[in-house]
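Asker:
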């Protein structure tokens with residue numbers, strides 16, 4: 002679900018002095034992997050960001066010099082989902098388990114507990130609360146956010162200089178049910194020095210992106226090459242509604258969303274929907290291979306400049322997957338539509 006991705010994908014970089022860290026992991030009895038893959042975001046341990054660590058007798062250890070407090074994704078062999086753990090200086094003791102998710106019917110990795118800094122322990126508690134909420138079938142994403150909101154607000158208020166607090170504000174600002182006022186309120190709590198960090202700059206770029214891509218604004222024309230190298234302009238696309246889909250071959254959530262887009266395209270193409278996918282790939286081969294593997298039959302464009310591409314800069318793109326829905330006059334009618342929002346909006350717009 003979207004909330005899982007949100008809590009996984011972000012971390013914080015800081016201006017503090019690098020410090021020693023020791024991450025000690027232990028698996029509960031039962032299903033124990035032979036190794037774990039650990040990926041850091043925005044941070045490094047002794048200059049590296051990716052690690053394969055062997056598990057011996059149910060335990061593993063990773064140590065070195067941590068450049069910044071950051072999120073680490075831990076993936077275990079035999080489990081289908083990574084789990085995030087917040088890294089900070091000192092020793093972190095984490096207990097993991099691999100369990101069968103009741104609704105997904107496949108093994109998932111989870112952190113039972115972690116000891117370390119206040120932020121490390123809070124992050125694990127927050128995610129465990131999310132785990133409980135996500136297993137309740139009747140709870141919507143908005144309801145889950147409201148419940149988690151009760152956890153994070155006191156933490157942000159108490160620790161305004163914490164990089165985890167910055168991450169939480171950045172994450173939860175994406176949730177429409179909380180509203181723009183919530184984001185502004187909790188941004189005001191944060192220490193201003195945090196906005197000099199990369200995640201802080203990302204947050205400011207996101208705010209600029211949202212201001213640029215507002216419903217009712219007209220999308221400026223652009224030109225990008227298709228899979229054959231032929232330039233295609235937005236003005237050349239004549240459809241009742243056009244979905245601009247931003248993705249990449251290396252983006253796991255994007256590839257998963259391609260399945261949904263295929264269903265949506267089949268359902269609405271005859272009613273006037275066109276999809277234009279714009280890739281953040283930098284080389285042609287993986288882009289073309291992904292198009293074929295995912296069976297994408299709509300227009301594919303890419304200038305191989307990734308985030309520096311003409312359209313990426315035009316819309317102030319900060320993350321993918323991301324989409325913009327345009328009407329026949331190229332005016333924006335929807336932005337960053339997730340979790341069934343796109344299909345609901347298309348049903349409404351194309352009902353006649």
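Numbering (the numbering used here), first residue to last: 2 to 353. Note that beta-carbon positions come from the ideal geometry of N, C-alpha and C, so glycine has one too. The model shown is predicted, which means the values in this text are computed figures rather than measured ones.
Taking the runs of the alpha helix (DSSP H) that are 4 residues or longer, which of them lie wholly in the region 277 to 337?
Answerer: 285 to 295, 311 to 315
Asker: Going by the CB atoms, is the gap between residue 85 and residue 74 shorter than 7 Å?
Answerer: yes
Asker: Using the three-state DSSP reduction, which class does residue 275 fall into: helix, strand or coil?
Answerer: Residue state, collapsed to three classes: strand.
Asker: What is the DSSP secondary structure of residue 211, counted as helix, strand or coil?
Answerer: helix
Asker: Taking the continuous beta strand (DSSP E) assigned at residue 39, which residues delimit it?
Answerer: Residue 39 -> beta strand (DSSP E) spans 36 to 41.
Asker: Inspect the beta-carbon positions of residue 337 and residue 323 and report whether they are closer than 7 Å.
Answerer: yes
Asker: Residue 68 to residue 90, Cα distance in whole Å?
Answerer: So the alpha carbons of these two residues sit roughly 9 Å apart.
Asker: Output the distance between the C-alpha atoms of residue 183 and residue 40, rounded to the nearest integer angstrom.
Answerer: 31 Å
Asker: Could you pull the start and end residues of the beta strand (DSSP E) that residue 255 belongs to?
Answerer: Taken as a continuous stretch (DSSP letters only), residue 255 belongs to no beta strand (DSSP E), being part of the alpha helix (DSSP H) at 253 to 269.
Asker: Can you tell me which residues form a DSSP beta bridge with residue 61?
Answerer: Paired residue(s): 26.
Asker: So is residue 181 buried or exposed if we call it buried at 16+ other beta carbons inside 10 Å?
Answerer: Taking all protein chains shown into account, residue 181 has fewer than 16 neighbouring C-beta atoms within 10 Å of its C-beta and is therefore exposed.
Asker: Could you name the residues that DSSP lists as bridge partners for residue 46?
Answerer: 49, 67
Asker: Spell out the partners DSSP gives residue 87 in its beta bridges.
Answerer: 72
Asker: What does DSSP give as the partner residues of residue 115 in its beta bridges?
Answerer: Looking at the DSSP assignment, residue 115 forms a beta bridge with 95.
Asker: Quick one: is residue 408 buried, meaning 16 or more other Cβ sit within 10 Å of its Cβ, or exposed?
Answerer: There is no way to answer for residue 408, as the model of the chain reaches only from 2 to 353.
Asker: Just reading off the alpha helix (DSSP H) that residue 166 is part of, what are its end residues?
Answerer: In the DSSP annotation of this structure, the continuous segment of the alpha helix (DSSP H) that includes residue 166 starts and ends at 164 to 173.
Asker: Going by CA-CA distance only, name the one from 142, 108, 96, 143 that's closest to residue 122.
Answerer: Of the candidates 142, 108, 96, 143, the one whose C-alpha sits nearest the C-alpha of residue 122 is 96.
Asker: Using 8 Å as the threshold, is the region 227 to 234 in touch with the region 293 to 305, meaning 3 or more CB pairs across them?
Answerer: yes
Asker: Please classify residue 212 as buried or exposed, where buried requires at least 16 other C-beta atoms within 10 Å of its C-beta.
Answerer: exposed
Asker: By Cβ distance, which residues of its chain are closer than 8 Å to residue 108, with the 5 residues on each side in sequence left out?
Answerer: 32, 79, 80, 81, 99, 100, 101, 102
Asker: Give the DSSP-derived three-state secondary structure of residue 233 in the structure shown.
Answerer: strand
Asker: Who are residue 181's beta bridge partners in DSSP?
Answerer: Note: residue 181 sits in no beta bridge, so no partner.
Asker: How many angstroms separate the CA atom of residue 52 from the CA atom of residue 264?
Answerer: 37 Å
Asker: Within 10 Å of its beta-carbon, does residue 348 have 16 or more other beta-carbons around it, so buried, or fewer, so exposed?
Answerer: exposed
Asker: By how many angstroms is the C-alpha of residue 197 removed from the C-alpha of residue 48?
Answerer: 21 Å
Asker: Distance check for residue 273 and residue 297, CA to CA, integer angstroms please.
Answerer: 18 Å
Asker: Are the beta-carbon atoms of residue 1 and residue 63 separated by less than 7 Å?
Answerer: Because the chain is modelled from 2 through 353, residue 1 falls outside the range shown and cannot be assessed.
Asker: What whole-angstrom Cβ distance do residue 321 and residue 255 have, given they're in contact under 8 Å?
Answerer: 6 Å
Asker: Taking the alpha-carbon of residue 279 as reference, which of 292, 187, 271 has the nearest alpha-carbon?
Answerer: Looking from the CA of residue 279, the closest CA among 292, 187, 271 belongs to 292.
Asker: State the DSSP-derived secondary structure class of residue 133, mapped to helix, strand or coil.
Answerer: helix
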